[in-house]
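Colleague: One structure, as structure tokens, below. Some questions next.
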Amino acid sequence: MSEKNISKTRLSRLGTVTSLLAVAACYGTLAAVALLSLIGVSVEIDEGMLVKLITGLLVLALLGMGYSYRLHRHPGPLLLSLAAAALLLWVFYGSYSRPLELAGFAALVIAAVWDFRVKKRVCTQKCNG
240 MSEKNISKTR LSRLGTVTSL LAVAACYGTL AAVALLSLIG VSVEIDEGML VKLITGLLVL
300 ALLGMGYSYR LHRHPGPLLL SLAAAALLLW VFYGSYSRPL ELAGFAALVI AAVWDFRVKK
360 RVCTQKCNG
């Protein structure tokens with residue numbers, strides 16, 4: 240495989256990885272704080288900074304999904320991740336709702352898995368076809 244193809248493959252993973260990192264940043268932080276509080280350690284998290292971090296990861300995820308779309312030309316994962324990001328941004332900066340937040344993160348994970356599967360299928364067809 241050429242250097243250019245390796246670089247394209249790595250860059251196409253950006254959407255999937257950052258989507259999953261956004262979920263981990265939100266719920267992983269909450270889980271870590273909950274675990275620490277169970278053992279008696281009090282930690283204060285700056286929610287504003289956490290929201291900015293997750294927003295940055297969402298932007299990177301959308302850029303990665305857009306790049307990935309250019310490789311496989313299947314619009315589903317990109318559209319779902321755009322809808323998930325819009326929902327999450329509404330939840331973060333508009334009216335907070337726990338069910339909408341969960342739905343947004345679930346849609347983001349589904350979009351990441353869908354994108355991964357589409358890329359795998361397209362690579363299999365191109366590599367073996």
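Numbers 240 to 368, taken from our numbering, label the letters of the sequence shown in order.
Where is the CB? At the ideal position from N, CA and C, for every residue including glycine.
Treat the numbers as computed from the prediction; the structure is a model and nothing was measured.
1) Compare the beta carbon distance of S320 and A350 with 7 Å and say whether it is the shorter of the two.
2) Cα separation between S276 and M288?
3) Given L299, which residues of its chain have a CB within under 6 Å of its CB, disregarding the five upstream and five downstream residues?
4) Quick one, which of S336, V352, T255 has its alpha-carbon nearest L296's?
5) For a test of your reading of the model: does the CB of R249 fall under 6 Å from any non-hydrogen atom of the ligand NAD? Yes or no.
Modeller: Let's see:
1) Between S320 and A350, the CB-CB gap stays under 7 Å.
2) If you take the alpha carbons of S276 and M288, they lie about 20 Å apart.
3) Cβ-Cβ distances below 6 Å link L299 to T257 in the same chain, with the five nearest sequence neighbours on each side left out; the list follows chain order.
4) If we check each option's Cα against that of L296, T255 comes out closest.
5) Absent from the structure shown: the ligand NAD. Ligands present: none.
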